[in-house]
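First comes the structure, then the notes that go with it.
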Amino acid sequence: MIQSLSPNKRASFGLLLFAVALVLAPWIVGHAGGNTWVRTLDFALLYIMLALGLNIVVGYAGLLDMGFIAFYAVGAYLAALMSSPHLLQQFPALAALLPAGMHTSIWLILPLGALVAAGCGVVLGAPTLRLRGDYLAIVTLGFGEIIRILLRNLDRPVNITNGPKGIAQVDPVNLLGVNLARTQELFGLRLPSVYLYYYLFAALVVLILFACIRLERSRIGRAWVAIREDEEAAQAMGVNTVRLKLLAFAIGAAFGGVSGALFASFQGFVSPESFTLNESIAVLAMVVLGGMGHIPGVILGCVLLAALPEALRASMGPLQQALFGQVLVDPEIIRQLFYGLALILAMLYRPAGLWPKGVAR
Amino acid sequence: MDGFIQQLLNGLMTGSLYALVALGYTMVYGILRIINFAHGDVLMIGALVGLSVIRLVQATWPALPPVLVLLCATVVAMAFCAVLAVVIERVAYRRLRHAPRLAPLISGIGVSLLLQTIAMLVWTRNPQMFPQLLPLEPIEVLAGGSAHPAITNVTALTTIAIALSVMVTLLVLVERTRFGRAMRAVAENPQVASLMGISPNRVIVITFAIGGALAALAGIMMASNYGSAHFYMGFLPGIKAFTAAVLGGIGNLKGAMLGGLLLGLIEALGTGYLGAATNGVFGSNYQDVFAFIVLIAVLVFRPSGLLGERLATRA
Chain A
3 MIQSLSPNKR ASFGLLLFAV ALVLAPWIVG HAGGNTWVRT LDFALLYIML ALGLNIVVGY
63 AGLLDMGFIA FYAVGAYLAA LMSSPHLLQQ FPALAALLPA GMHTSIWLIL PLGALVAAGC
123 GVVLGAPTLR LRGDYLAIVT LGFGEIIRIL LRNLDRPVNI TNGPKGIAQV DPVNLLGVNL
183 ARTQELFGLR LPSVYLYYYL FAALVVLILF ACIRLERSRI GRAWVAIRED EEAAQAMGVN
243 TVRLKLLAFA IGAAFGGVSG ALFASFQGFV SPESFTLNES IAVLAMVVLG GMGHIPGVIL
303 GCVLLAALPE ALRASMGPLQ QALFGQVLVD PEIIRQLFYG LALILAMLYR PAGLWPKGVA
363 R
Chain B
16 MDGFIQQLLN GLMTGSLYAL VALGYTMVYG ILRIINFAHG DVLMIGALVG LSVIRLVQAT
76 WPALPPVLVL LCATVVAMAF CAVLAVVIER VAYRRLRHAP RLAPLISGIG VSLLLQTIAM
136 LVWTRNPQMF PQLLPLEPIE VLAGGSAHPA ITNVTALTTI AIALSVMVTL LVLVERTRFG
196 RAMRAVAENP QVASLMGISP NRVIVITFAI GGALAALAGI MMASNYGSAH FYMGFLPGIK
256 AFTAAVLGGI GNLKGAMLGG LLLGLIEALG TGYLGAATNG VFGSNYQDVF AFIVLIAVLV
316 FRPSGLLGER LATRA
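Chains as they are written, first to last, in our numbering: chain A, 3 to 363; chain B, 16 to 330.
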């Protein structure tokens, strides 16, 4: 029955289904698994934001960025610095200026995070414009590592990032007077903090999705695909590759920064160890395995891979207990094993991902 | 602060290691135009396999002189990693030779993760102590009248000596033998080489094997110098060795050797003097950043490297 509808109607139906799933997900998951699983959903949404950003860089423009987590880190640290007591503790002059404490509203942090991250994207992208795919990958990896090392060491001579200890006591999100870190009574429903954050993240995911879909179907999107397929031909057709590549980096980075800022407020704590190469690879895996350049595929990849660690922990532990009487292999190791195998097998047998463009599902 | 000679020696030692690993990267990139992302982890496996062999030999024949134990471990590890590299090529890269460039790179990332996981499973996540089988007495270099003479030891000197002799051997192999000619031919144009009766696949397999063996050698020497081996030890040397290969000119063997030694020296001297200049604030904790900055600088200002590229022309 669905196949008989026109593609546009099918797309609208898909979107409707997605919207319904988005609204109901925490309740279904919460009843099935409890609040830990809703928390996993929250992280899945953060990863979706990240992956949509990386999808623009890798999926649309074809630029393999292996240091994408740096933008996540920038957004997170910015949010942490702007809404925690850390800076005031380090600089008494600043504390004198702000006697009420450093509490920036989320309405300011998010756009600022996006802007600063976009700036970083341009700075990181500018030297790489002439690089071939493999070199670009290693250079972006290098940038990601530089950011992480900087974050870990900028506690001397001036303590900006507090080094390996990270920044704690980051304010939770306070939206229109509602503190999202506490359970609230809204519309007659009791909503624990994880549910509140879920809906906030979901709203932002919808915004970012909207932006991505509009970009995909615009001249910019087509230009990106042209660059990805054959850069010289695109240039011959009058595409300004420099500007468009920088735009891809900037927009992708902006989404990463937004996600990072939300992460900092959600977790209440940031440290350099949340932003390692393994995280970059995890986001890359979500985009690649899900379906590079295809938004539904990317979302599918995110949901599967974000739920994976929790699922493994819940299943592998008891399974090994039952079979061997003790936990032989840490579920974390199994997760990494799975990632490695999945990446290799995907490239060998299904390079377009689980849900590539053009496959009617 | 350590003196110039000390930093020079340190730099030569790490540089020799980078050079050995860089050779693997540059040979593979020269022929196949792919970065073998798993190469650093082959180094790691080499070191850990060597460790296991040492433990086994020391348990079975405790009277054996330490140098012989180390030699035995090195030979076994090199053979093992040569085979490992060949397997990696066969499984992860062969089918993707004509795929878009992202595919072998991502596949390589997958292999890297896989190797690290296997290392975690077999040798646990904890750093393993690597026995230092060569004499450890410090040797003073150019003591002369200086108050702080540079200190080195047999392990470091052996590392430099072995690395240099291996590099010279490889150069002779590539420049003077028939097989070396075949390697250069396949690096220049695989299709025409096959018309000339050379089997590109065979050359590629042997290239990967040589690269793997060199990585294992570097891994064991690195572990000997630092006294430990663990599952993540291959990541940074891998990246830095790639930087060294690019610095010297990718695809160019002499370039890889030069790049490796140069990068080691830049790192050692750079962090030493920067640390002294800023009173320890920007010191060795920024050491890794040096390699990345060198990489970015080379790619922006002289992408073909110091000695120029030598790449295969892909169909």
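All C-beta atoms in this analysis are idealised placements derived from N, C-alpha and C, irrespective of residue type, glycine included.
- Note on geometry: alpha-carbon atoms of Met104(A) and Ile210(A) lie some 28 angstroms from one another.
- Residue-level contact check: Pro311(A) does not touch chain B, since none of the beta carbons of chain B fall below 7 angstroms from its beta carbon.
- Neighbours of Leu136(B) across chain A, judged by C-beta separation under 7 angstroms: Val331 and Ile335.
- For Gln186(A), no alpha helix (DSSP H) encloses it; the enclosing beta strand (DSSP E) starts and ends at Gln186 to Leu188.
- Around the beta-carbon of Pro274(A), 16 or more other beta-carbon atoms lie within 10 Å, marking it buried.
- Taking 7 angstroms as the cut-off, the beta carbon of Phe45(A) is found no closer than this to the beta carbon of Ala316(A).
- Closest in C-alpha terms to Ala266(A), from the list Gly77(A), Leu193(A) and Leu249(A), comes Gly77(A).
- For Leu193(A), the three-state secondary structure derived from DSSP is strand.
- No Cβ of chain A is located within less than 7 angstroms of the beta carbon of Ile60(B).
- Here Glu147(A) is buried, its C-beta having at least 16 other C-beta atoms within 10 Å.
- Only exposed fits Asp232(A), as fewer than 16 other CB atoms lie within 10 angstroms of its CB.
- Ser299(B) and Gly226(B) have their C-alpha atoms some 29 angstroms from each other.
- Taking the Cβ atoms as the reference, Met42(B) lies roughly 22 angstroms from Met248(B), outside the contact range of under 8 angstroms.
- Between the alpha carbons of Val90(B) and Pro119(B) lies a distance of about 30 angstroms.
- Ala165(B) is positioned such that its CB atom lies closer than 7 angstroms to that of Ile20(B).
- Excluding the 5 residues flanking it on each side, Gly115(A) has same chain C-beta neighbours closer than 8 angstroms at Val76, Gly77, Leu80, Ala81, Gly259, Val260, Gly262 and Ala263, in chain order.
- Nearest to Tyr351(A) by alpha-carbon distance, out of Ala94(B), Val36(B) and Ser122(B), is Ser122(B).
- Within the stretch 189-277 of chain A, the complete beta strand (DSSP E) segments at least 3 residues long are 191-193, listed from N- to C-terminus.
- DSSP places Glu152(B) outside both helix and strand once states are collapsed to three, so it counts as coil.
- Annotation: the stretch 102-165 of chain A contains the following complete segments of the alpha helix (DSSP H) (minimum length 4 residues), in chain order: 108-127 and 135-155.
- Among the residues of chain B, those whose CB is under 7 angstroms from the CB of Tyr137(A) are Leu314, following chain order.
- Close to Asp56(B), with beta-carbon spacing below 9 angstroms, lies no residue of chain A; the smallest spacing is near 10 angstroms.
- Taking a contact to require three or more Cβ pairs closer than 8 angstroms, the stretch 96-113 of chain A and the stretch 29-44 of chain A do not qualify as touching.
- In the three-state reduction of the DSSP assignment, Met182(B) falls in the helix class, which pools H, G and I.
- Under a criterion of Cβ atoms nearer than 7 angstroms, the residues of chain A adjacent to Val304(B) are, in order, Ile148 and Ile151.
- Cβ neighbours of Gly123(A) within its own chain (closer than 6 angstroms, five residues either side excluded): Phe251, Ala252 and Ala255.
- Membership of Thr38(A) in the alpha helix (DSSP H) is indicated by the continuous run Asn37 to Leu56.
- Of the other Cβ atoms in all chains shown, 16 or more fall within 10 Å of the Cβ of Trp226(A); this residue is therefore buried.
- Scanning chain A for C-beta atoms nearer than 9 angstroms to the C-beta of Gln131(B) yields Gln338 and Gly342, reported in chain order.
- Within chain B, the C-beta atoms nearer than 8 angstroms to that of Pro129(A) come from Ile311, Leu314 and Val315, in chain order.
- According to DSSP, Thr167(B) shares a beta bridge with Ile154(B).
- From the beta-carbon of Val290(A), the residues of chain B found nearer than 9 angstroms are Leu117 and Ile121.
- Under the 7 angstroms criterion on CB atoms, Gly279(B) is classed as non-interfacial with respect to chain A.
- In the three-state scheme derived from DSSP, where H, G and I count as helix and E and B as strand, Ser243(B) is classed as strand.
- One alpha carbon belongs to Leu129(B), the other to Gly190(A), and they sit about 50 angstroms apart.
- Nearest CB-CB separation between Phe307(B) and chain A: below the 7 angstroms threshold.
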